[in-house]
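K.L.:
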Amino acid sequence: MRVHGPKDRITGGVHGVAVIASAVDTDAVLDGVKITQTADAPVRTFECCGFSTKATVNP
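Residue numbers (the numbering used here): 695 to 753.
1. Using a threshold of 8 Å, state whether the C-beta atoms of ILE729 and THR720 are closer than that.
2. Quick check on this structure: which residue in VAL723, VAL718 and ALA717 has the alpha carbon closest to the alpha carbon of VAL711?
3. So which of PRO753, VAL718 and THR705 has the shortest CA-CA distance to GLY744?
4. Rounding to the nearest angstrom, what Cα-Cα distance links VAL751 and VAL727 in this structure?
5. Within 10 angstroms of the Cβ of GLY705, are there 16 or more other Cβ atoms? Answer buried if so, exposed if not.
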């Protein structure tokens, strides 16, 4: 998954982006996306069932 900015903005909530790997290995790249005003980490990864996940935020 790839999300491109620079006008994309994610605001509020507990996490801005959650990347979940439950059926395949998952790699998310956020290009120029601004994540603000989250209660916890702006990007959070969750892995299940032996699959891996990775999240990269490029300013």
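Ideal Cβ placement from N, Cα and C applies to all residues, glycine included. The structure presented is a predicted model; accordingly, all values stated were derived computationally and were not measured.
P.N.:
Checking against the coordinates, here is how it stands:
1. Position 35 of the sequence shown, counted from the start, is the residue given in the question as residue 729. Position 26 of the sequence shown, counted from the start, is the residue given in the question as residue 720. Contact: no.
2. Within the sequence shown, the letter at position 17 stands for residue 711. For the residues VAL723, VAL718 and ALA717, the minimum Cα distance to VAL711 belongs to VAL723.
3. The count along the sequence shown starts at 1 and reaches residue 744 at position 50. For GLY744, the nearest C-alpha among the options comes from VAL718.
4. Along the sequence shown, one-based indexing puts residue 751 at 57. Along the sequence shown, one-based indexing puts residue 727 at 33. For VAL751 and VAL727, the distance between alpha carbons rounds to 8 Å.
5. Here residue 705 is taken as the residue at index 11 of the sequence shown, counted from 1. The question names Gly, but residue 705 in the sequence shown is Thr. By the 10 Å Cβ count, THR705 comes out exposed.
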